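The sequence shown: position 81 = 81 (full-length UniProt numbering), numbered continuously.
Taking it in order: structure first as C-alpha cells, then the write-up.
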Amino acid sequence: MAADRRLALHATLPGRYARYEVLASTIDHRGRLVALVADPAQGFTPIPRSSKLRPPPRYDAIAVICDEVETHEIPLTELVLRFTHIDTLGDGVVLVAARCEPVGIDFERYQKSVPEDELHLTDNVRAIDEGGQTRSAFYASDGIEQLMTDAQGNIWTSYFDESNYWSPNLDGTRSYGCMIGLARWNSDGGPPWMAPSHTPGVFWCDCYALNVGHDVIHACPYTDFPLIEIDADGVRSITPNPVTRCSGLAVSGSELAFFDQHRARRGFRWEIRRALRQDGVVTETEREHLLLPDDRNPTGWARGKIGRDGTLWLHEDGDPRRWYRYEVDT
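Shown next, in the form of C-alpha cells:
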C-alpha cells in the first residue's frame with residue numbers, strides 16, 4: 001500500500017495579478033515562479049470546454065518573475081501568437097507557442113523537399129531581454145509539449161505526438177519530419193540538437209517525462225519509457241525502464257521518482273513511483289500517494305510537471321498560480 005506524502009506549497013503568484021489571465025507559468029532553474037499574464041479586457045474570449053481564455057490577434061502582456069519577496073516585471077507589447085509556455089533566459093524570458101500556423105502548401109508536397117521561401121514557418125520561440133525587447137525569434141517545430149531552460153542558457157523543448165518539423169537542407173529547401181521528441185536550442189535559434197537522431201532504436205512518439213538538471217538531462221519517451229540520460233556532449237546512457245505511465249521525473253543520483261496520475265473514485269490520484277538505477281537496471285522500490293498541503297486529494301490532473309534534478313514541481317489543472325513541490329531527498 002502506498003504511503004501518504006504531503007507536497008509542499010512552493011510559490012503563489014501575488015494577489016495583485018488576480019484580475020489577469022495567466023497564459024503560462026513555470027518554475028525556472030533557480031526555483032522562481034515565472035508567469036505570463038495579460039489583462040483579459042483586451043478582448044480575450046472563452047475557449048470551448050476550457051477554463052482558459054484565448055487572446056486576441058494582437059495583445060499586450062507582462063512577464064512576471066517572482067524571486068521570494070521581490071517581483072520583477074517585463075512589459076511585453078504587440079504579441080501576435082498565443083504563447084503557452086514561458087521560462088527565464090538570462091535576465092529576460094523566452095516565450096513559446098505550442099502550435100504553429102499552417103505552412104501554406106498542399107499535403108501532397110510534404111513528401112518532397114520544398115523551397116524555404118514557399119513555406120510559411122511560424123517563429124514560435126521568442127527570446128526577450130529584461131527590457132522587453134526581442135533578442136531573437138525562430139521556428140522550433142509544431143507540437144511543443146514542454147519548455148525548460150537550463151543554467152547554461154540552453155532552451156529545451158519536448159514534443160507531443162502531433163509534432164512535426166521542417167528541417168533545413170543545404171540547398172535552401174526544407175524537408176518534413178515528425179515525432180521530434182526532444183530538442184535543444186541556443187538562444188539565437190541556431191541548428192538544434194535533436195534527440196531522435198542520437199538515439200537509434202528509441203521511439204520518440206511523445207516525450208512523456210523530462211528533467212532538465214543543472215548538468216544532466218533525463219527523459220522518458222513514449223511508448224517504451226526508457227530512461228535517457230543526456231549531457232553537454234550528447235547521450236550518456238539509455239536504460240530500460242519498467243516504470244511506465246510516468247509523466248514527470250525527479251532524479252537524485254541513483255534515486256528516481258516517477259510521477260503517475262489517474263482517476264480515482266473520489267476524483268484524482270497523484271502518485272510517485274520510487275525506483276533505483278543500479279548497474280544499468282531500473283528497479284521500482286515503493287509508491288507514495290501525494291496529498292496537497294492541507295491533506296486533501298487534488299481535484300484535477302497535475303499540470304506543469306517541471307523536473308529539475310531531485311525536485312519536481314506541479315500545479316493543479318486550472319490553477320497555474322499555485323505551485324507545489326516534491327523532493328526526492330526529503
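Glycine included, each C-beta is placed from N, C-alpha and C at the ideal position.
The structure displayed is predicted, hence computed values, not measured ones.
Between which two residues does the beta strand (DSSP E) containing residue i stretch?
i, result
"residue 126", "125-128"
"residue 159", "155-168"
"residue 112", "Note, residue 112: premise wrong, no beta strand (DSSP E); not H, not E."
"residue 121", "No beta strand (DSSP E) contains residue 121, which DSSP labels as neither H nor E."
"residue 138", "134-138"
"residue 101", "Per DSSP, residue 101 belongs to no beta strand (DSSP E) and is neither H nor E."
"residue 187", "Careful: residue 187 lies outside any beta strand (DSSP E) and carries neither H nor E."
"residue 35", "33-38"
"residue 21", "21-27"
"residue 6", "3-6"
"residue 89", "85-89"
"residue 173", "173-178"
"residue 326", "322-327"
My assumption, with CB atoms under 8 Å, is that residue i sits in contact with residue j. Please give the rounded CB distance.
i, j, result
"residue 224", "residue 258", "Not confirmed; about 14 Å, so no contact."
"residue 199", "residue 238", "6 Å"
"residue 174", "residue 108", "No, residue 174 and residue 108 are not in contact; Cβ-Cβ is about 16 Å, not under 8 Å."
"residue 181", "residue 195", "5 Å"
"residue 76", "residue 132", "6 Å"
"residue 25", "residue 320", "4 Å"
"residue 331", "residue 247", "A query on residue 331 cannot be resolved here, the shown segment of the chain reaching from 1 to 330 and no further."
"residue 139", "residue 124", "6 Å"
"residue 158", "residue 210", "5 Å"
Run the CB neighbour count on residue i, radius 10 Å, all protein chains shown included, and call it buried at 16 or more, exposed below.
i, result
"residue 151", "exposed"
"residue 21", "buried"
"residue 86", "buried"
"residue 315", "buried"
"residue 160", "buried"
"residue 80", "exposed"
"residue 41", "exposed"
"residue 190", "exposed"
"residue 112", "exposed"
"residue 45", "exposed"
"residue 127", "buried"
"residue 264", "exposed"
"residue 92", "buried"
"residue 308", "buried"
"residue 102", "exposed"
"residue 169", "exposed"
"residue 330", "exposed"
"residue 283", "exposed"
"residue 236", "exposed"
"residue 240", "exposed"
"residue 250", "buried"
"residue 179", "buried"
"residue 99", "exposed"
"residue 281", "exposed"
"residue 277", "buried"
"residue 18", "exposed"
"residue 197", "exposed"
"residue 243", "buried"
"residue 37", "buried"
"residue 134", "exposed"
"residue 63", "buried"
Name the one or two DSSP bridge partners that residue i has.
i, result
"residue 260", "271"
"residue 211", "218 and 307"
"residue 246", "Paired residue(s): none; residue 246 is not in a bridge."
"residue 284", "275"
"residue 252", "255"
"residue 234", "231"
"residue 146", "158"
"residue 76", "61"
"residue 46", "53"
"residue 206", "222"
"residue 315", "303"
"residue 93", "88 and 128"
"residue 10", "DSSP, once it has assigned bridges, lists no residue as partnering residue 10."
"residue 289", "4 and 271"
"residue 67", "70"
"residue 239", "227"
Can you find a C-beta in chain C that's less than 8 Å from the C-beta of residue i?
i, result
"residue 305", "Protein chain content of the structure displayed is limited to a single chain, and chain C is not contained in it."
Indicate, with yes or no, if the ligand NAP has a heavy atom lying under 7 Å from the CB of residue i.
i, result
"residue 34", "The ligand NAP is not among the ligands present in this structure, which contains no ligands whatsoever."
Using 8 Å as the Cβ pair cut-off and three pairs as the minimum, do the region 315-325 and the region 5-16 touch? These segments touch.
Check whether the region 283-296 and the region 210-222 touch, using three or more Cβ-Cβ pairs below 8 Å as the test. Cβ pair count under 8 Å is below three, so no.
Give a yes or no on contact between the region 52-59 and the region 24-34, applying the rule of three or more CB pairs nearer than 8 Å. For the pair of segments examined, the region 52-59 was found not to touch the region 24-34: the number of CB pairs separated by less than 8 Å stays below three.
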